[in-house]
Amino acid sequence: SGALPLTFEFDGILSTDMEQHDVYAEFEAICASVVEGFKICVMTYGQSSAGKTYTMLGNVEQKSDFSVAITDHGIHLRAMKQLFSVLEHRRDRYTDTVTMTLVDVHDERLVDLLAGTAYSEAHGRVEGSKRNSSRKSESRSDDGTASLQANSVSSSRPKLEIKSNRDGETVILGVLSVNLSSFDDVYRVWTESLAGRSKRLAERDTDPKAYELGSHVIATLKVSSRNIATGVVTSGKIQFVDFASSDVVPRRNANVSSRASACSASILPDDCKFSNKSLNTVSEVVHARSQYQRSVPYRNSTITHVLSDSLEADTKVVLIACVSPDEKDLQNTTCTLKFAQEMRKVVVGKATRHTSTASTAAA
2 SGALPLTFEF DGILSTDMEQ HDVYAEFEAI CASVVEGFKI CVMTYGQSSA GKTYTMLGNV
62 EQKSDFSVAI TDHGIHLRAM KQLFSVLEHR RDRYTDTVTM TLVDVHDERL VDLLAGTAYS
122 EAHGRVEGSK RNSSRKSESR SDDGTASLQA NSVSSSRPKL EIKSNRDGET VILGVLSVNL
182 SSFDDVYRVW TESLAGRSKR LAERDTDPKA YELGSHVIAT LKVSSRNIAT GVVTSGKIQF
242 VDFASSDVVP RRNANVSSRA SACSASILPD DCKFSNKSLN TVSEVVHARS QYQRSVPYRN
302 STITHVLSDS LEADTKVVLI ACVSPDEKDL QNTTCTLKFA QEMRKVVVGK ATRHTSTAST
362 AAA
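In the working numbering, each residue's number is its place in the sequence shown (first place is 1) plus 1.
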C-alpha cells in the first residue's frame, strides 16, 4: 500500500518471556531511592488483558468467599519487600516511619479502598485530621464494609477532597492513611482492601471485571527517616498507579485486519479516543506537558488532579506500557505506544532529595 510503518523510541523494552523478578530488577534502583528522600511515580498503562495489574501487583486470585491471595508478586510488592529489608538493616542508625493510602478512581469518583478494613481500624488515621485513632471498632459488620460505629476511625469522615497543603503538595483530605511496619502489613492492606471492594460490588450486583477495567488504582507510600546521629530527616514518596484499561473507541472505516493500515503513519493522535473518558484527559495533559503549554488541564479529571505533582514536581517518573502481541489489537497497541512516546517527551525536572532537620520537620 506504500504506507510508512510507525517507529517508536523508548528507554527500554521488556520481553514477554521475562520473569517478574527480572522485570523488577529494571526498576529496583529507582524504587529503592525513596529511602533517600526522593519522589517516585511508577505507572502501568495499556489495554485490557495486557498485563498492567499483573506487572504492578502480581497474580490476584479471588476466592469464592471474597478473600484474596496475591502470588507471583509484581513491581509494587517487590519494592515493598525491598524497602522493609533496607529499613530493618539500618534500624540501629535511623528511625523510620512508613505510611500508605490506597484509593481508586471510578467514574471520576474517589473511593478509599482502605475504608472498612480491619487493618485501617487498628492502624489508620484520617488525612487532614489531627485526631489519630488506633481503636478497633467494637461493633463491626460481618463483611467489614457496611456503616461503621461511632468509635471507628472510618466513621464520620469528611468527604474526600483533593487539595494542596501548605507545602504545595497535592493531597487527598479525608482519606485513610495507615502505618506500616513490615511487608506483611502491605500484603494485608492489599488483600483486605481488594476483598472489601469485591464484596461491595457483589452487594451492588456490579460486574467486578467491568468495574476494575474502568478504575484507576493509586497506592501512595511516604517514608520519613531520621538519622539518629545527625538529626537530619529525609522525606520520600512513592506512588504506584495502575491505570484503567486504555481500550480505544473503534475508528470508523478502520480495517484492523490490515497491518499496513493499522500501523501506518496515517494514524493520528486524535484517532486514539478512549472508552474511558478520563484517559482522554490523561492524554491531553501529557500532550500539553510535552508541548510545554502554559495551561495544563489537570483539573479536568480526578485522576490527573491527583497525579498533578508527579508530572510537575521533581519526581522520578516511570511509565510501563503494556501491549498485546495479537494482530487484532493493533489499534490499541499503536495508541498505547503513541501515548508512551508522548509521555517520554515530558520534562519533569531534576529529582532532588527532600531533607530537613528534625526541628524543622516537627514544626
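The C-beta atom is built at its ideal place from N, Cα and C for all residues, glycine as well.
Note that this is a predicted model, so its numbers are computed, not measured.
Using the three-state DSSP reduction, which class does ILE97 fall into: helix, strand or coil?
For the record, residue 97 in the displayed sequence is Asp; it is not Ile. Strand.
If you compare alpha carbons, which of ALA30, VAL250 and VAL69 is closest to ARG198?
VAL69
Name the DSSP bridge partner or partners of PHE67?
According to DSSP, which records beta bridges pairwise, PHE67 is partnered with nothing at all.
In the structure shown, what three-state DSSP assignment does ILE14 receive?
coil
6 Å Cβ shell around SER279 - same chain, five flanking residues per side excluded:
SER302 and ILE304
Determine the DSSP secondary structure at VAL324, reduced to helix, strand or coil.
coil
Counterpart residues of CYS42 in DSSP-defined beta bridges:
GLN240 and VAL318
Smallest Cα separation from PHE244: which of LEU320, ASP66 and LYS200?
LEU320
Compare the Cα-Cα distances from LYS317 to each of VAL324, VAL348, ASP330 and ALA289 and report the closest residue.
VAL348
Roughly how many angstroms separate the alpha carbons of TYR188 and LEU103, rounded to a whole number?
12 Å
By Cβ distance, which residues of its chain are closer than 6 Å to HIS77, with the 5 residues on each side in sequence left out?
MET57, LEU58 and PHE241
Could you check where the alpha helix (DSSP H) with THR335 kicks off and where it finishes?
331 to 345
Contact defined as beta carbons within less than 8 Å: I believe GLU29 pairs with ARG354. What is the distance between those atoms, to the nearest angstrom?
So it is not a contact: roughly 19 Å between Cβ atoms.
Residue range of the unbroken alpha helix (DSSP H) whose run includes GLY197
184 to 204
On the DSSP letters alone, give me the boundaries of the alpha helix (DSSP H) that SER357 sits inside.
It is not in any alpha helix (DSSP H) - SER357 instead sits in the beta strand (DSSP E) that spans 356 to 358.
Going by beta-carbon coordinates alone, are PHE9 and ALA352 separated by less than 9 Å?
no
Nearest to THR356 (by Cα), restricted to the options SER311, VAL224, SER247 and MET344:
VAL224
Is the separation between the beta-carbon of VAL234 and that of THR118 shorter than 9 Å?
no
In terms of residues, what are the limits of the alpha helix (DSSP H) holding HIS22?
21 to 26
Just the Cα atoms here: how many angstroms apart are GLU204 and PHE67?
12 Å
Secondary structure at LEU312, three-state DSSP: helix, strand or coil?
helix
If I measure Cβ to Cβ from MET19 and keep anything under 6 Å in the same chain, skipping five residues before and after, which residues do I get?
none
Is ALA245 helix, strand or coil by DSSP?
coil
Buried or exposed, going by whether 16 or more other CB atoms sit within 10 Å of the CB of THR221?
buried
What are the residues that DSSP puts in a beta bridge with SER165?
THR171
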